[in-house]
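For reference, the structure is listed below as structure tokens.
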Amino acid sequence: MVRQNPNNDVILNRMATVGLADWWLTAGCLAQTVWNLQAGFAMDAHIADYDLFYFDADTSFEAEDRVIAQTADLFADLPVRVEIRNHARVPIWYEAKYGFPYGPVSCAADGIARFAYQTTAIGIAQQPDGDCYVHAPFGLENVMAGRVVPNPVLPVGDVYRQKTGRWGKIWPQLSIQPWPDR
Numbered sequence: 514m515v516r517q518n519p520n521n522d523v524i525l526n527r528m529a530t531v532g533l534a535d536w537w538l539t540a541g542c543l544a545q546t547v548w549n550l551q552a553g554f555a556m557d558a559h560i561a562d563y564d565l566f567y568f569d570a571d572t573s574f575e576a577e578d579r580v581i582a583q584t585a586d587l588f589a590d591l592p593v594r595v596e597i598r599n600h601a602r603v604p605i606w607y608e609a610k611y612g613f614p615y616g617p618v619s620c621a622a623d624g625i626a627r628f629a630y631q632t633t634a635i636g637i638a639q640q641p642d643g644d645c646y647v648h649a650p651f652g653l654e655n656v657m658a659g660r661v662v663p664n665p666v667l668p669v670g671d672v673y674r675q676k677t678g679r680w681g682k683i684w685p686q687l688s689i690q691p692w693p694d695r
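In terms of my numbering, the sequence shown is residues 514 to 695.
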């Protein structure tokens, strides 16, 4: 279903040629494609960006910058913003930016499991032979049912409320659960 969005399809096909061992197309571009199809919108409507996570033990800024530049060239012809980040680097900068630690990661999928929303914690990767893999630590039922469920593994309630407020206006068919008070 998410490959019906031509941007998702192109990104998956091209990323399979880059040579990164551990990468995922992830988050809103997948869930929002489903919601767009369910709402009768264009498949790529309202999608702010297309997120790619990868994992490389080389956590230098220079190594990540090379991958960012490579993929910027790879997707320069697409009419969307594609963002790629080395998830091995997230624990380095996260606490300084958000005020609490992210914790260690050992693969790109670790980041998917820490999304503020169980519903968008989905990743798809394509191998060079065309085989695709799905990583959905909380399953796919909620995204298909239009239920937005919080994932309070990190204290990001403000982010959750801000984004779900926007989503509810765009896709009013969504059932949005509140962030749990602790």
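Backbone N, C-alpha and C define an ideal beta-carbon position, used for all residues, glycine too.
The distance from the Cβ of L565 to that of L538 is about 6 angstroms, consistent with a contact at the 8 angstroms cut-off. In the three-state DSSP reduction, H648 falls in the strand class (E or B). Here the C-alpha atom of A576 lies approximately 19 angstroms from the C-alpha atom of P617. About 14 angstroms separates the beta carbon of T632 from that of V647, a gap too long to meet the 8 angstroms contact definition. Between Q639 and N526, the CB-CB gap stays under 8 angstroms. Here D564 carries a strand assignment [DSSP, helix/strand/coil].
Taken atom to atom, the span from the alpha-carbon of F613 to that of P691 is near 22 angstroms. Sequence-distant partners of D522 (beyond 5 residues in either direction) whose C-beta falls short of 8 angstroms from its own C-beta, in its chain, are R516. If you ignore the 5 residues before and after D569, its C-beta comes within less than 7 angstroms of the C-beta of A576, N599, A601, all in its own chain and listed in chain order. With a cutoff of 8 angstroms on beta-carbon distance, A629 and V662 are scored as not near each other. Annotated three-state conformation of Q631 is coil, per DSSP. Rounded to whole angstroms, A658 and L550 show a C-alpha spacing of 12 angstroms. Under the DSSP assignment, G678 falls in the alpha helix (DSSP H) whose first and last residues are 670-683.
Beta-bridge partners assigned by DSSP to Q639: C645. With respect to the C-alpha of A585, the residue from N518, P693, Q686, M528 having the closest C-alpha is M528.
In this structure, the alpha-carbon of R627 lies about 23 angstroms from that of H559.
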